[in-house]
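Contents: one structure, followed by commentary.
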Amino acid sequence: MKLITDFRNSEISRRLIKKIEEESSSESGYTIMEVCGTHTVSIFKYGIRSVLPENVSLISGPGCPVCVTSQGEIDAIFQIVKNNNVSLLTFGDLMKVPGSSGENLINLRSEGKDIRVMLSPLDAVKTAAREPDREFVFVGIGFETTAPAIASAVLEAKNMGLNNFSILPYCKTMPEVLGYLLDDPKLDINGFLCPGHVSVVTGKNIYQPLAQKGKAAVITGFEPLDILSSILQIIRQVNSGDYCVYNNYSRVVSDNGNRKAVQIMDTVFEPCSAVWRGLGELEDSGLGLKEEFSLFNSLEKFNVRVPQVSEKKGCRCGDVLKGHIKPNLCPLFSLQCNPENPVGPCMVSSEGACSAYYKFN
Amino acid sequence: MEDKKITSALGSGGKSTNDFVKDIICKYFGNSILENLGDAAYLDINGELSFSTDSFVVEPEFFPGGDIGKLAVYGTCNDLSVSGAKPKFLSFSLIVPEGYKFSDTEKIVASAGAAAEEAGVQIVCGDTKVISASGLKSPLVNTAGIGVLKKKLNDYGKIKTGDKIILTSDIARHGMCIISKREGLNIDSEIESDCADLNPLFEVSGYKGIKFARDATRGGVAAVLNEISDKTGLGFLVDEDEIPMREDVKYLCEFLGFDPLSVANEGAALLIVESALSSKILDKIKSVKVGADAALIGEVCSENKVMLKTPIGGIRNVEMPVGELLPRIC
């Protein structure tokens, strides 16, 4: 536990902030994107923006798995729950996310639908095994961080011969969306705080294209000292023009990642096209279940197609996720869209940029 | 021996009800006022009174550090205490699902009786109902309480810029205890609820210099501070480093993605005190068991929002919590 406390040391923080002030000399300033939603929350939680010099700007990226879940994918969850006698198992973040009609899973639960919050995909399998007479659907949302655990759950269900368990295969992967951002002509970012959790699984190679395109890329943990020292590292890369992928979270992330986790993921999933909220369809950016696991695909089991649904008029989730605007510049922010009446998942996911901006700013 | 189950007969008003009241309720709550078993209790109280009620719905009903019986007694006593009254009398109404274990019902009543004795209050009236088991897994309790007023601690008008904030205990223990028990989390240390009687804090302080008090139950410290800020037009600057919190509670909150400031407590209150007397009040409070971990955490400021100074010197807002707390994805 002391290991974590040490990464919040106020004296070292002050020294790092001073170093950042001294070295952030570029007149054009430094724009840094934190890709990961957990980084966004840490940055707000520790008030990191408030201690940075004015010419160092942090913007949030597309790294909250709930926020990038398309409206169609969300609506398909509602279709399955409403039209079938199933129990829905989900991570807590999804409970308040609205469907196109405005209702959320908390509303459905109050109407008597069996909706349960799970802390891990393996808990979902155990639940299904305990209650063989009920049909269970698990919402498989996540990036490379969560995908191996969801894959393990599918393998476990297959090994146990469970026929009352299936998943909504909604996992997405990082390299494709990073490539999308790099191709964005409006992208004006000098460096990326690369997601620590994802990197534990993938290792550092997925970020090489960032460095090759002249962007600083620093794999970062979630404590204040991790974030401050990574910002300093990005400033140094920008100042020197010597761009590389730097692993600043080596106490947790190995350069090659977790091969076993990748292997489990590859056993169960294969790349597929996926629609990202606000960004549209990105080829090979999703993880679909392989043919031999199709019995565990809720969409096939309940014959549901993910509808093509556009976001509510005025909602600028896409521009927020791409870092084009800060959440408060969305015309719906805090007016039609707030934590009590959210329009999009960015306002209710615990890692959502809009939610963090609303809560802490 | 097979455990008896609660049946609808217990709430029928007939022999089963009478037996339950005599054998269980009077056994654990026994006092001459209650034992009269009239439709109402006769009370003899001098002075201005304070009156409060609360209903208790907690799942699971037994948890480390307490149960719904203890919670129901302390919950209402604490509402009276933070209002500046010394709790004297409580009512206790129990609603039990049909089929619930008789022995567990007795445990809840026994625990409430013990808590009342500890808090120096008498349970003088009550009710028992049995309802269909559908949809209800465990008992519900309602308590109402009367206290003798010592000093009104509910007056927002007394709060001024520069006043200090004392938090009387470490935070977030009750909420994290319930969540870890409910979710069956296998964590190294068992987190116990902070469920406790707050009246000793006020007794020891003599009320001198305390301007305002509120217990930080549902919504936690964040809700209390925002509520006061909303009512007064003033704000707070709180130093995160000064907020007492147990390490295991802190890391469980972080693991699940909860802000400990928004997590429920059952034995922690926020006191707004005169600046000049704050150290003296803190010392007195720390001298009693329930206040041993008390700390001065910040002060009232003129800017109308709740701000937190973080360990790295940053400043951020503390918002009013919205809806139920839910664990995050990763």
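These protein sequence lines map, in sequence, to chains A and B. Per this note's numbering, the first sequence starts with residue 1, numbered consecutively. Per this note's numbering, the second sequence starts with residue 362, numbered consecutively. Heads up, the beta-carbon is just placed ideally off N, CA and C, and yes, glycines get one too.
For residue i, the nearest candidate out of the options (CA to CA)
i, options, result
"PHE563(B)", "SER472(B), GLY430(B) and ALA629(B)", "ALA629(B)"
"GLU459(B)", "LYS383(B), SER499(B), GLY594(B) and GLY674(B)", "SER499(B)"
"LYS611(B)", "LEU657(B), HIS535(B), LYS666(B) and LYS572(B)", "HIS535(B)"
"GLY675(B)", "LEU193(A), ILE48(A) and ALA261(A)", "ILE48(A)"
"GLU550(B)", "CYS556(B), SER541(B) and ASN515(B)", "The question names Glu, yet the displayed sequence has Ser at residue 550(B). Of the listed residues, the one whose Cα sits closest to SER550(B) is SER541(B)."
"LEU514(B)", "TYR568(B), LEU546(B) and GLY545(B)", "TYR568(B)"
"TYR403(B)", "THR378(B), PHE450(B), GLU680(B) and PRO425(B)", "PHE450(B)"
"ILE189(A)", "CYS171(A), GLY323(A) and SER10(A)", "GLY323(A)"
"MET33(A)", "LEU88(A), GLY191(A) and THR5(A)", "GLY191(A)"
"ASN85(A)", "MET160(A), GLY140(A) and PHE302(A)", "PHE302(A)"
"ALA261(A)", "LYS172(A), PHE44(A) and SER152(A)", "SER152(A)"
"PHE91(A)", "SER110(A), VAL66(A) and GLU111(A)", "VAL66(A)"
"ILE520(B)", "LEU631(B), PHE453(B), ASP555(B) and ILE469(B)", "LEU631(B)"
"PHE619(B)", "ALA583(B), ALA653(B), ILE469(B) and ASP602(B)", "ALA583(B)"
"GLU321(A)", "CYS354(A), LYS213(A), PHE78(A) and VAL81(A)", "In the sequence as presented, Glu is not what sits at residue 321(A); that position holds Leu. Checking every option, the nearest Cα to that of LEU321(A) belongs to CYS354(A)."
"ASP558(B)", "PHE424(B), THR578(B), SER377(B) and GLU422(B)", "THR578(B)"
"CYS171(A)", "PRO307(A), ILE20(A), VAL304(A) and SER273(A)", "SER273(A)"
"LEU299(A)", "ILE20(A), ARG8(A), VAL81(A) and ASP6(A)", "VAL81(A)"
"GLU311(A)", "ARG305(A), ASP319(A) and VAL304(A)", "ASP319(A)"
"ASP405(B)", "SER416(B), SER393(B) and GLU420(B)", "SER393(B)"
"LEU187(A)", "THR31(A), PHE165(A) and HIS39(A)", "THR31(A)"
Cβ-based burial, residue i [other Cβ within 10 Å; buried from 16]
i, result
"VAL343(A)", "buried"
"TYR362(A)", "Residue coverage of chain A in this structure runs from 1 to 361, which leaves residue 362(A) outside it and unanswerable."
"MET1(A)", "Here the model assigns MET1(A) a pLDDT of 48, short of 50, so the residue's position is not dependable, and the following value carries that caveat. MET1(A) is exposed by the Cβ-count criterion."
"GLN483(B)", "buried"
"LEU586(B)", "buried"
"GLY314(A)", "exposed"
"GLN71(A)", "buried"
"GLY288(A)", "buried"
"GLY684(B)", "exposed"
"LYS431(B)", "buried"
"PHE381(B)", "buried"
"MET174(A)", "buried"
"GLY29(A)", "exposed"
"GLU135(A)", "buried"
"ALA211(A)", "buried"
"ALA533(B)", "buried"
"ALA653(B)", "exposed"
"ALA473(B)", "buried"
"THR5(A)", "exposed"
"ASP401(A)", "The structure shown has nothing for residue 401(A), since chain A only spans 1 to 361."
"PRO132(A)", "exposed"
"LYS359(A)", "buried"
"ARG607(B)", "buried"
"PHE573(B)", "buried"
"VAL679(B)", "buried"
Partner residues on chain C for residue i, Cβ-Cβ distance less than 7 Å
i, result
"VAL117(A)", "In the displayed structure, chain C is absent; the protein chains listed are A and B."
Heavy atom of the ligand FMN within 8 Å of residue i beta-carbon
i, result
"LYS569(B)", "Judged by which ligands are present, the structure shown has none, so any question about the ligand FMN falls away."
Expected contact under 8 Å - CB spacing of residue i and residue j to nearest Å
i, j, result
"GLY37(A)", "SER349(A)", "7 Å"
"THR193(A)", "LEU16(A)", "One point to set straight first is that residue 193(A) is Leu, not Thr, in the sequence displayed. With a Cβ gap of about 14 Å, LEU193(A) and LEU16(A) do not count as contacting."
"SER413(B)", "ASP440(B)", "4 Å"
"ALA625(B)", "GLY581(B)", "6 Å"
"GLU23(A)", "ASN239(A)", "7 Å"
"ASP524(B)", "ILE633(B)", "5 Å"
"ASP576(B)", "VAL485(B)", "In fact, because the Cβ distance is near 23 Å, the residues do not count as touching under 8 Å."
"VAL252(A)", "GLY221(A)", "7 Å"
"ALA655(B)", "LEU643(B)", "6 Å"
Should the segment 517-529 of chain B be called in touch with the segment 401-420 of chain B, which here means at least 3 C-beta pairs below 8 Å? Note that the segment 517-529 of chain B does not touch the segment 401-420 of chain B; fewer than 3 beta-carbon pairs, one per stretch, sit closer than 8 Å.
Do the segment 229-241 of chain A and the segment 202-219 of chain A meet, that is, are 3 or more Cβ pairs less than 8 Å apart? Judged by pairs of C-beta atoms under 8 Å, the segment 229-241 of chain A touches the segment 202-219 of chain A, as three or more such pairs exist.
Does the structure place the segment 184-200 of chain A close enough to the segment 143-151 of chain A that three or more beta carbon pairs sit under 8 Å? Judged by Cβ distances under 8 Å, the segment 143-151 of chain A makes contact with the segment 184-200 of chain A, as three or more pairs qualify.
Beta strand (DSSP E) segments (min. 3 residues) lying fully within the segment 443-483 of chain B: Fully enclosed beta strand (DSSP E) runs of 3 or longer: 446-458.
Counting pairs of Cβ atoms below 8 Å between the segment 267-274 of chain A and the segment 55-65 of chain A, do you hit three or more? With a cut-off of 8 Å, the segment 55-65 of chain A and the segment 267-274 of chain A do not count as touching, because too few Cβ pairs lie within range.
For the segment 565-649 of chain B, list the beta strand (DSSP E) runs that are entirely contained and at least 3 residues long, ordered along the chain. 571-576, 596-600 and 630-634, all fully within the segment 565-649 of chain B.
Start-end ranges of the alpha helix (DSSP H) lying completely within the segment 277-336 of chain A, minimum 4 residues: As far as the segment 277-336 of chain A is concerned, its whole alpha helix (DSSP H) runs of at least 4 residues are 298-301 and 317-321.
Just to confirm the assignment: which complete alpha helix (DSSP H) runs, minimum length 4, are found wholly within the segment 191-217 of chain A? Runs of the alpha helix (DSSP H) inside the segment 191-217 of chain A: 196-202 and 208-212.
Quick check: the segment 386-397 of chain B against the segment 507-522 of chain B, are at least 3 beta-carbon pairs closer than 8 Å? With a cut-off of 8 Å, the segment 386-397 of chain B and the segment 507-522 of chain B do not count as touching, because too few Cβ pairs lie within range.
Pairs of beta-carbons, one from the segment 579-597 of chain B and one from the segment 665-675 of chain B, closer than 8 Å: are there three or more? Cβ pair count under 8 Å is three or more, so yes.
List in chain order: all unbroken alpha helix (DSSP H) runs of 4+ residues lying wholly within the segment 7-39 of chain A. Uninterrupted alpha helix (DSSP H) stretches at least 4 residues long and entirely within the segment 7-39 of chain A occur at 10-23, given in chain order.
When the Cβ atoms of the segment 331-347 of chain A are set against those of the segment 91-103 of chain A, are three or more pairs found closer than 8 Å? A contact between stretches requires three or more CB pairs, one per stretch, nearer than 8 Å, and the segment 331-347 of chain A meets this requirement with the segment 91-103 of chain A.
Using 8 Å as the Cβ pair cut-off and three pairs as the minimum, do the segment 119-132 of chain A and the segment 74-82 of chain A touch? Output reads no: the segment 74-82 of chain A does not touch the segment 119-132 of chain A.
Which residue spans inside the segment 494-554 of chain B form an unbroken alpha helix (DSSP H) run of at least 4? If we require 4 residues or more, the alpha helix (DSSP H) runs fully inside the segment 494-554 of chain B come out as 534-544.
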